[in-house]
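Below you'll find the structure, written out as structure tokens, and then a few comments.
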Amino acid sequence: MSLVHARSTVDYHNSLCAGKLIVSHLLLIQECFNSPYGTSFFSMYAERIPGESTQVLSEAAKENQVYLVGGSIPEEDGGKLYNSCTVFGPDGDLILKHRKIHLFDIDVPGKIRFQESETLSPGNSLSMFETPFCKVGVGICYDMRFAELAQLYSRQDCQLLVYPGAFNMTTGPAHWELLQRARALDNQVYVATASPARDETASYVAWGHSTVVNPWGEVISKAGAEEAVIYADIDLQYLDDIRQQIPITTQRRNDLYAVTQAQEGSR
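No gaps in the numbering here: position 249 of the sequence shown is 249 in the UniProt record's numbering, and each next residue is one more.
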């Protein structure tokens, strides 16, 4: 797989042009790739789906013959705004749309306060898709903090979890890699995240460091703060070996505890 690690910009055609150089089966780009990240910008840059940005994603997926996890865009639908990720197949067709389930509402005194709920509404569905290579579960940024979501994906046989995200200069150095390694290790899956590259002039400065982690909890590919394209192999034999060596999926005490899905279905 490949991860495009570029600055979020309204010139999103350039964010995807690197895709022409990519030889992989799956491509992941960053959260809010078509917009600055901020509650004051979401309504300004919101689009309907399908729309201009998703058309670019569809064309890029078809041109490069890849599964494209299209980061996210602010989506307008029915008078509400969502932070939405679309996934396209190698034929350019839309496979699914994931609306960010957990809104980023935090207040770290003296460091950062951000309230997505001031403008955005949450999604209410899990989102998974099949490829000939593996099954993929989708989350967006803050979704990664919730171990239950990752566990539900793992229980439904996802082998790769992808999270377009945009952690900041407070939570990024403290939690970005830690959370990815935790989700990968807890569920014995691969985890991939795509962040915007760092832009010190932006009102919201992203930490960067797009990353891929293997089921042993090891970082196998990682960008820095600058723009880059990174690559990683998703080795399902290695994943199976880890699950056989440390068989936690068969050792869980389902008679004592369980994580259950309240609403059946996914999209």
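We treat Cβ as the ideally placed atom computed from N, Cα and C, and that holds for glycine.
Can you give the beta carbon distance from threonine 211 to threonine 193, rounded, assuming they're within the 8 Å contact cut? 5 Å
task = Under the assumption that asparagine 83 contacts proline 90 (Cβ atoms under 8 Å), give the Cβ distance between them as a whole number of angstroms.
result = Rounded, the Cβ-Cβ distance is 25 Å, inconsistent with contact.
**Item:** Reduced DSSP secondary structure (H/G/I, E/B, other) of arginine 113
**Value:** strand
- Kindly confirm or deny that the region 177 to 193 and the region 228 to 243 touch, where touching means at least three C-beta pairs closer than 8 Å. yes
- Neighbour flag for serine 154 against chain B, beta carbons, 8 Å: Considering every chain present, this structure includes no chain B. It has just one protein chain.
If the criterion is Cβ atoms closer than 8 Å, does the pair methionine 169 and valine 136 meet it? no
Where methionine 1 falls, given that 16 or more other Cβ within 10 Å makes a residue buried: buried
Just to confirm my understanding: we take alanine 228, look at its own chain, exclude 5 residues before and 5 after, and list those with CB closer than 7 Å. What are they?
His5
Looking at the strands, I want to know which residues DSSP matches up with serine 84.
Ile73 and Arg99
Please return the same chain residues whose Cβ sits closer than 6 Å to the Cβ of leucine 21, not counting the five positions on each side in sequence. For leucine 21, the pLDDT reaches just 48, beneath the cut-off of 50, and the residue's location in the model is therefore unreliable, although a value from the coordinates is still provided. So the list is empty, once near-sequence residues are dropped.
Checklist entry - Apart from the five residues on each side of it in sequence, which residues of its chain come closer than 6 Å, Cβ to Cβ, to glutamate 130? => result none
* Is methionine 44 buried or exposed, if buried means 16 or more other CB atoms sit within 10 Å of its CB? -> exposed
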